[in-house]
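Colleague: Before I ask anything, let me first share the structure, which is written out below as structure tokens.
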Amino acid sequence: MDSSILFSFDSFVALLTLTTLEIVLGIDNIVFLAVLTDRLPEEHRRSTRTTGLILAMVMRILLLLTIFWVMRLTAPLFEVPFLTETVGDDISAPLSISGRDLILVLGGLFLLAKATFEIHHLMEHPDQKNERRQKTATVGNVLAQIVILDLVFSLDSVITAIGMVDRIEIMITAVVIAIVVMIVFAETVSNFIARHPSMKTLALAFLVMIGVLLIADGLGQHLPRGYVYFAMAFSLTVEIINLRAGARRRTLKPIG
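When we follow the numbering used here, the leftmost residue of the sequence shown carries the number 667, and every step to the right adds one.
Next comes the structure, spelled out in structure tokens:
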């Protein structure tokens, strides 16, 4: 193998593009980690977030190293006769379901159920929720849930990488850089969400939206993620403006 190829301009551009995309795709992972680790005692949150992201990195690298197995996951397993997909020139055919599709649908359903459960606990008895949930949540329990969703997010990320770059070295380097960036910013994002209850509600709404996106993708309805991320960024901007306006009103409120 000619190592100079890895340091060529084309390789650098591919690495930069793929790393950026991996970071953007990792937003889902960071939001999910922030919501889950909020259930733990404060002294365990940071280490659990870091462990979760390291597990995501290991899982993605292992999937990349088993690239032929991953590609076989895209082969059709069975057809769903009452659902159709467009093939070729506007020709409808029964929807084919692959191993990847099954993983995405199951992961999306898990995410929907998890987000709905968290929203329910957020709305019911809000003053008691933190103490009660921290008693029932354990690091092992939280890590198990992180691993389940990491598999879904990692599979999506790896298939994207395979479609963009044809060199395994560039793929692995992009994954490692992206995970390091996420580890650096995960605590800031998690603390911000934990400090503002409205942000946690918004984060859970994002997870519902991501769950629906995964299910739709698994059922052959490929919705451009750019629209979803734009909606998330817009909602986040509005909520930050609302928080700043509320803080300003409290500051300016006359005493007495």
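For every residue, glycine included, the Cβ atom is placed at its ideal position computed from N, Cα and C.
If you're wondering where the values come from, they're calculated on a predicted model, not measured in any experiment.
(1) Determine the DSSP secondary structure at L885, reduced to helix, strand or coil.
(2) Do V771 and I881 count as a contact pair if the criterion is CB distance below 7 Å?
(3) Cβ atoms of G692 and M848: under 7 Å apart, would you say?
(4) Take the Cβ of T740 as the centre, count every other Cβ of all protein chains shown within 10 Å, and call the residue buried at 16 or more, exposed below.
(5) Let me confirm a value: L702 is counted as buried when at least 16 other C-beta atoms fall within 10 Å, else exposed. Which label applies?
(6) Since A860 contacts D676 with CB under 8 Å, what's their CB separation in whole angstroms?
(7) Can you find the residues in the same chain that come closer than 7 Å, C-beta to C-beta, to T686, ignoring five residues on each side of it along the sequence?
(8) In chain order, what residues of the same chain have a beta carbon less than 7 Å from the beta carbon of L777, not counting five sequence neighbours either side?
(9) Is DSSP giving V878 helix, strand or coil here?
(10) I need the DSSP call for F678, collapsed to helix, strand or coil.
Modeller: If we stick to the structure as given:
(1) coil
(2) yes
(3) yes
(4) exposed
(5) buried
(6) Not a contact, Cβ separation roughly 43 Å.
(7) none
(8) L815, L873, I876, G877, L880
(9) helix
(10) helix
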